[in-house]
Amino acid sequence: MNTSVVKLTDFITVPFSLSISQKMRLTMGGVKPYTLQTKTKLPKRSTDAVPHQLKLGKKWKEYHGSNNWEGLLDPLDDKLRVEILRYGKFVESTYNSFAFDTSSPLYGTCRYPKHSLFHRSGLPGTGYRVTKNLHASSGIQLPRWVDKLPSWVSNQSSWIGYVAVCQDKEEIARLGRRDIVVAFRGTATCLEWLENLRSTLTQISNIAPSSDIFPYPQRPMVESGFLSLYSSSARKYQSLQNEVREEISRLLQSYGDEPLSITIAGHSLGAALATLTAYDITKTFKHAPSVSVISFGGPRVGNPSFRHEVEKNDIKILRIVNSTDIITKVPGFIINDHEDGEEHRGIHMTSPGSLSTWLQKFIVEKTQWNYADVGSELRLCSENSPIVKPNKNVATCHELNTYLHLVNGFRTSTCPLRSTAKRLLSR
């Protein structure tokens, strides 16, 4: 079992201007996203007004990111909108299925059996079947005095999501291939909360990188806490990494001779785990099918070398970002490392010998907080919503419900909301 002692230097918090309660709610990200008490009242279901699903057919690879969704994001293509919302529903079902009640002996587990999970979590008629429950375990070794606290405080492992495969012939025909879905929820337990705060970078020791990482000075590195949750095992469960590998291997053996895709979707912490999962699958299986990630409100995951690895392995990631969501701006710093001089959000490094170059060296070599955004981006803004705008707060801006509302209403960057957006979002 992989464990590590928690140190104060492992942690970085969100801006000091936020209150303790705001920081807690942000870090807990996806916990009970539809029951958080906010002044902005949102509809119970953000996807009630989703239009009927459209046939992808032979163009399915385009919508799965083969061209990095070029020409589909701005304006947002209606077929892609439907697909994003469809995968958002899979993520929504992980929240609806999770046992949040800390007083229950079932806390941290999945409330429903695999065969009825979709129906009982409010997602009938998907054409998919859940084949594997997934669990994440924390590698943090807590002090002994924690044993005196309620058991839910030190709950080391919990249900984090599932693997499902499309079985319905009509849906397979609509999609243009058989699709495997891996869906992850966001942060829900105390130890997951602590892992989120371990924001220094660490090398991916158990996943071999490509030999060519030029021009980056570091090996591929990812956030310590995310990697811990992905690779740590516990007494009751093997690691999330091994659970995913075993199930994907089994499904590839069953369906590998037909058109196949793997789509990994997650919100908040789940988005970070989705990125690690996609990278691991492509490195583990030499002949892996098309692998894409749909990320809702995901934090940064790794350094520029990790981004290079993701791009080199042809992993397609679509990050859906609310510009007012602070979680998408943490952890760490972003330094301009593009050869073409493109300036990224964050710290822009300039000529050798300058103060900024010294700062870059300090960040890279000392603090290990040099992060890089990865993948294509669909940028939204809750300030454009007639529902969220009047009284937005940091928690509301991060909720999955808010993200699905914004995707549902987004049109173009120059005309953010469709003319029917208000009606659709307030149904």
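In terms of my numbering, the sequence shown opens at residue 19 and continues consecutively.
Ideal Cβ positions, reconstructed from N, Cα and C, are used throughout, including at glycine.
All of these numbers come straight from a predicted model, not from anything done at the bench.
If Leu-152 sits next to Leu-258, beta carbons under 8 Å apart, how far is it from one beta carbon to the other, in whole angstroms?
In the sequence shown, counting from the first residue as 1, residue 152 sits at position 134. In the sequence shown, counting from the first residue as 1, residue 258 sits at position 240. Confirmed, Cβ separation roughly 6 Å.
To the nearest angstrom, report how far apart Asp-391 and Ser-313 are at their CA atoms.
Counting from one through the sequence shown, the residue named residue 391 turns up at place 373. Counting from one through the sequence shown, the residue named residue 313 turns up at place 295. Each residue's Cα considered, the two are about 12 Å apart.
Is the beta carbon of Ala-182 closer than 8 Å to that of Val-199?
Translated into the one-based positions of the sequence shown, residue 199 becomes position 181. Translated into the one-based positions of the sequence shown, residue 182 becomes position 164. Yes, Cβ-Cβ distance for Val-199 and Ala-182 is below 8 Å.
With a Cβ-Cβ cutoff of 8 Å, do Ile-299 and Ala-290 count as a contact?
The count along the sequence shown starts at 1 and reaches residue 299 at position 281. The count along the sequence shown starts at 1 and reaches residue 290 at position 272. The answer is no: Cβ separation not under 8 Å.
Cα-Cα separation, Gly-179 to Ile-333:
Residue 179 sits at position 161 when you count from the first residue of the sequence shown. Residue 333 sits at position 315 when you count from the first residue of the sequence shown. Going from the Cα of Gly-179 to the Cα of Ile-333 covers about 21 Å.
So for Asn-402, helix, strand or coil by DSSP?
One-based indexing of the sequence shown puts residue 402 at position 384. If DSSP states are grouped into helix, strand and coil, Asn-402 belongs with the helices.
What span of residues does the beta strand (DSSP E) with Lys-334 cover, start to end?
What you label residue 334 is simply residue 316 of the sequence shown in a count that begins at 1. Unbroken beta strand (DSSP E) run through Lys-334: 334-340.
Grab me the residues of Arg-147's own chain with a C-beta within less than 7 Å of its C-beta, minus the 5 sequence neighbours each way, in chain order.
Your numbering for residue 147 matches position 129 in the sequence shown. Ala-182, Val-183, Gln-185.
Assumed close pair Gly-316, Thr-346 - CB separation to whole angstroms, cut-off 8 Å
Position 298 of the sequence shown, counted from the start, is the residue given in the question as residue 316. Position 328 of the sequence shown, counted from the start, is the residue given in the question as residue 346. Gly-316 to Thr-346, Cβ: 7 Å. Contact.
Return yes when the Cβ of Ser-272 is within less than 8 Å of the Cβ of Asp-197, no when it is not.
As a first step, residue 197 is located in the sequence shown; it is residue number 179 there, counting from the start. As a first step, residue 272 is located in the sequence shown; it is residue number 254 there, counting from the start. No, the pair does not count as a contact, with Cβ atoms beyond the cut-off.
Neighbourhood of Lys-254 by C-beta, 7 Å cutoff - its chain only, sequence neighbours within 5 removed:
Walking along the sequence shown from the start, residue 254 turns up at place 236. Same-chain partners within the cutoff: Ser-175.
Less than 8 Å between C-beta atoms, sequence neighbours within five positions excluded: which residues of the same chain meet that for Pro-93?
Taking the first residue of the sequence shown as position 1, residue 93 is located at position 75. Answer for Pro-93: Arg-429, Thr-430, listed in chain order.
Please report the distance separating the alpha-carbon of Val-425 from that of Ser-217.
Locating residue 425 in the sequence shown gives position 407, where the first residue counts as 1. Locating residue 217 in the sequence shown gives position 199, where the first residue counts as 1. Val-425 and Ser-217: Cα-Cα distance of roughly 29 Å.
By how many angstroms is the C-alpha of Lys-77 removed from the C-alpha of Gly-157?
Counting from 1 along the sequence shown, the entry for residue 157 is found at position 139. Counting from 1 along the sequence shown, the entry for residue 77 is found at position 59. Whole-angstrom Cα-Cα distance: 42 Å.
Pop quiz: Ile-338 and Tyr-421 are said to be a contact at Cβ under 8 Å. What is the actual Cβ separation, rounded to whole angstroms?
Residue numbering aside, residue 338 sits at position 320 when the sequence shown is read from its first letter. Residue numbering aside, residue 421 sits at position 403 when the sequence shown is read from its first letter. Confirmed, about 6 Å.
Within 8 Å, strictly: CB atoms of Leu-336 and Gly-393:
On the sequence shown, position 318 is the one that residue 336 refers to. On the sequence shown, position 375 is the one that residue 393 refers to. Yes.
Rounded C-alpha distance that separates Gln-159 from Tyr-113:
Translated into positions along the sequence shown, residue 159 becomes position 141. Translated into positions along the sequence shown, residue 113 becomes position 95. When rounded, the distance between both Cα atoms is 27 Å.
Determine the burial state of Gly-106: buried for a count of at least 16 other Cβ atoms within 10 Å of its Cβ, exposed for fewer.
Here residue 106 refers to the residue found at position 88 when the sequence shown is read from its first residue. That one is buried.
Starting from Phe-202, trace the alpha helix (DSSP H) in both directions and tell me its first and last residue.
For this step, residue 202 is matched to residue 184 along the sequence shown. Here Phe-202 belongs to no alpha helix (DSSP H); instead the beta strand (DSSP E) covers 196-202.
Find out if the Cβ-Cβ distance for the pair Pro-349, Arg-318 is shorter than 8 Å.
Counted from its first residue, the sequence shown places residue 349 at position 331. Counted from its first residue, the sequence shown places residue 318 at position 300. Yes, Cβ-Cβ distance for Pro-349 and Arg-318 is below 8 Å.
CA-CA distance, Gly-427 and Lys-166?
Residue 427 sits at position 409 when you count from the first residue of the sequence shown. Residue 166 sits at position 148 when you count from the first residue of the sequence shown. Roughly 49 Å separates the two Cα atoms.
By alpha-carbon positions, which one of Glu-327, Ser-310, Ala-201, Ala-191 ends up nearest to Glu-276?
Within the sequence shown, numbered from 1, the residue matching residue 276 stands at position 258. Closest by alpha carbon: Ala-191.
How big is the Cα-Cα spacing for Leu-269 and His-82?
Here residue 269 refers to the residue found at position 251 of the sequence shown. Here residue 82 refers to the residue found at position 64 of the sequence shown. Near 19 Å, if we compare the C-alpha coordinates of His-82 and Leu-269.
Span of the alpha helix (DSSP H) around Thr-432:
Along the sequence shown, read from residue 1 onward, the residue named residue 432 stands at position 414. Segment: none, Thr-432 is in no alpha helix (DSSP H) and carries neither H nor E.
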